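S.K.:
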Amino acid sequence: MRGQDSRSGSLFSYVDLEQRVRSDHPLRTIRTLVNEALASLDGRFGEIYSEIGRPSIPPEQLLRAMLLQAFYSVRSERQLMEQLDFNLLFRWFVGLGVDDPVWDASTFSKNRDRLLDGSVAAAFLSAVLAIPRVKRLLSQDHFSVDGTLIQAWASMKSFRPKDDGTPSEPPEPPAGGRNAEVDFHGQRLSNDTHQSATDPKAKLPRKGQGREAKLSFMGHLLMENRNGLIVDGCVTEANGQAERIAALAMIEKRADRPSRITLGADKGYDAEDFVNELRFMNVTPHIARNIAGRRSAVDGRTTRHPGYALSQRIRKRIEEGFGWGKEFGLLRRIRMRGRERVDMAFAFSAAACNLIRLPKLLAESEVA
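Residues 1 to 368 (full-length UniProt numbering) are what the sequence shown spells out, left to right.
1. Would you say the segment 129-136 touches the segment 298-306, given that touching needs at least three Cβ pairs under 8 angstroms?
2. Which residues in the same chain as F105 place their Cβ atom closer than 8 angstroms to its Cβ, once the five residues preceding and following it in sequence are excluded?
3. Quickly, what does DSSP pair H194 with across the bridge? List them, please.
4. Helix, strand or coil for residue 372? Go by DSSP, reduced to three states.
5. Assuming F328 is part of the alpha helix (DSSP H), what are its boundary residues?
6. Cα separation between A288 and G95?
7. Under the rule that 16 or more other beta-carbon atoms within 10 Å means buried, what is S144, buried or exposed?
8. D24: buried (16+ other C-beta within 10 angstroms of its C-beta) or exposed?
9. The alpha helix (DSSP H) that contains P306, what's its start and end?
10. Using the beta-carbon count (16 or more within 10 Å), is M1 buried or exposed?
11. Tell me which same chain residues have a C-beta within less than 6 angstroms of the C-beta of A213, skipping the five on either side of it?
12. Give a yes or no on whether the C-beta atoms belonging to G268 and M250 are separated by under 9 angstroms.
13. For the alpha helix (DSSP H) that residue 411 lies in, which residues bound it at each end?
14. Name the residue from N239, E340 and N191 whose alpha carbon lies nearest to the alpha carbon of G208.
15. I'd like the ranges of any alpha helix (DSSP H) spanning at least 4 consecutive residues and lying wholly in the segment 196-256.
16. Distance check for S155 and residue 396, CA to CA, integer angstroms please.
17. I need the straight-line Cα distance from G338 to F71, nearest angstrom please.
18. Between the Cα of V235 and the Cα atoms of A363, A246, R332 and V98, which residue gives the shortest distance?
19. Mind checking who R279 pairs with in its DSSP beta bridge?
20. For E237, which of A197, V342 and V283 has the nearest alpha-carbon?
21. Whole angstroms is fine: what's the gap from N282's alpha carbon to L222's?
22. Over what stretch of residues does the alpha helix (DSSP H) that includes L80 continue unbroken?
23. Below 8 angstroms, can you find three or more Cβ-Cβ pairs linking the segment 146-155 to the segment 322-338?
24. In the DSSP output, what is S144 paired with across the bridge?
25. What ranges does the alpha helix (DSSP H) occupy inside the segment 11-63, keeping only unbroken runs of at least 4 residues that lie completely in it?
26. Report the residue from S73, T198, P58 and N35 whose alpha carbon sits nearest the alpha carbon of C353.
27. So is D42 buried or exposed if we call it buried at 16+ other beta carbons inside 10 Å?
28. Between E18 and S139, how many whole angstroms is the CB-CB distance? I'm expecting something under 8 angstroms.
29. S365: buried (16+ other C-beta within 10 angstroms of its C-beta) or exposed?
30. Taking only three categories from DSSP, how would you classify P285?
31. In angstroms, rounded to a whole number, what distance separates the CA positions of E169 and E272?
32. How big is the Cα-Cα spacing for F86 and P101?
33. Taking the straight line between their C-alpha atoms, what separation do you get for F124 and L38?
34. Who does L149 pair with in a DSSP beta bridge?
35. Going by the beta-carbon positions, is the gap between F328 and D146 smaller than 9 angstroms?
36. Bridge partners of R339, per DSSP?
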């Protein structure tokens, strides 16, 4: 019998969100882990928010919504609010009822900036890793580090000479409208003499010889080698020393122990001062040797052990975190300005990347 094409629904509807989400949906395990991590951050939330005034967006719901934005590559807060308005799965994960109103996009952004001041993103990443059944998956002895460029939300047209404080003639309005053509040929652009008018913290690095330069930040990740989970991350200026400085800062937190730990890295970290600093911190440098016309700082004391070859093979898995963040986590060209906001988005992308992998890893550990 042919069904009827009814154009209007029932006047009343009783929707149970728990029944609408299937029992084996990956977000169920992720939501349980997220709730445990958020419960441990309750004290930090109490320090950020005032006890008086109008109630704001609950920080727990705000953070769950930000995770959904990373999971499903929702490109803007406005589009995220639209999804929350009609997507029952999104409402269930965030904790909104079917009849609860959705927030305004600008209100959501303002409340997100409040969490930025409280450094909640890095704390959330640590809280997820501190969950007992997740902590058992982590290696405490072997790590890998790497960095990548994150393109800033600023165009090359905004890269202009710095104001030296001397009075000058007011610039003439550009011909051709607000998006006029700019010819950079014959000009020498340098971070010492120029900066972006749109995002002054963004720098102009070049990834390699013959590669174009783009206004960027530099993101750094520290990965444990047992299951390839990200245990730390940060964003710095894009310069030649940033990778090694960030690596020392991240590994120092885990080097304060009697036994030695290892740190795997690529050839860009093969510098004598960096290797000596690691040895001083009781960290074995499992760094790829750079012998192209120079002498490597990593000698046979390290490379003769089988663990060195193992670290070199496993360290390449850190590229999976960068790849996921740029392909799905909206990090290829970050839609935020300022290093603090970029750092928050980078830390949340790292936490989201871990959460995507944890349901499968936890299931495998229970079977084993």
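Quick reminder that beta carbons are idealized off the backbone N, C-alpha and C, glycines included.
Small disclaimer: the values here were computed from a predicted structure and weren't measured.
M.R.: From the atom records:
1. No: fewer than three Cβ pairs fall under 8 angstroms.
2. Checking the sequence shown, residue 105 turns out to be Ala, not Phe. The answer, listed in chain order, is S76, E77, R78, L80 and M81.
3. In the DSSP assignment, H194 is bridged to P161.
4. Residue 372 lies beyond the range of the chain shown here (1 to 368); nothing can be said about it.
5. Here F328 belongs to no alpha helix (DSSP H), and DSSP marks it neither H nor E.
6. Here the C-alpha atom of A288 lies approximately 47 angstroms from the C-alpha atom of G95.
7. The residue is buried, with at least 16 neighbouring Cβ atoms inside 10 Å.
8. Under this definition D24 is an exposed residue.
9. Counting along the chain, the alpha helix (DSSP H) containing P306 begins and ends at P306 to I314.
10. M1 comes out exposed.
11. The residues are L204 and R206.
12. Cβ distance not < 9 angstroms, so G268 and M250 don't count as in contact.
13. As displayed, the chain neither begins before 1 nor continues past 368, which places residue 411 out of reach and without an answer.
14. Checked all of N239, E340 and N191; the closest Cα to G208 is N239.
15. List check, alpha helix (DSSP H) in window: 242-252.
16. Residue 396 lies beyond the residue range present for the chain, which begins at 1 and ends at 368; the question has no answer from this structure.
17. Cα-Cα distance, rounded: 23 angstroms.
18. When each option's Cα is compared against that of V235, the closest is A246.
19. Note: R279 sits in no beta bridge, so no partner.
20. Considering only alpha carbons, the answer is V342.
21. N282 and L222: Cα-Cα distance of roughly 17 angstroms.
22. E77 to F86 is the extent of the alpha helix (DSSP H) around L80.
23. Yes, they touch.
24. In the DSSP output, where bridge partners are listed per residue, S144 has M223 and G264.
25. Listed in chain order, the complete alpha helix (DSSP H) runs (minimum 4 residues) inside the segment 11-63 are 17-20, 26-40 and 42-48.
26. Selected option, being the one with the closest Cα: S73.
27. Exposed: under 16 other Cβ atoms inside 10 Å.
28. Contact flag wrong, Cβ pair sits at about 36 angstroms.
29. S365 is exposed by the Cβ-count criterion.
30. The three-state secondary structure of P285, taken from DSSP, is strand.
31. In this predicted model, E169 has a pLDDT of only 49, less than 50, meaning its place in the structure is not dependable enough to derive any value.
32. Going by the C-alpha atoms only, they are around 11 angstroms apart.
33. One C-alpha to the other measures close to 7 angstroms.
34. According to DSSP, L149 bridges with M218.
35. Against a cut-off of 9 angstroms, the Cβ pair of D146 and F328 comes out as no contact.
36. Its beta-bridge partners do not exist; DSSP assigns none.
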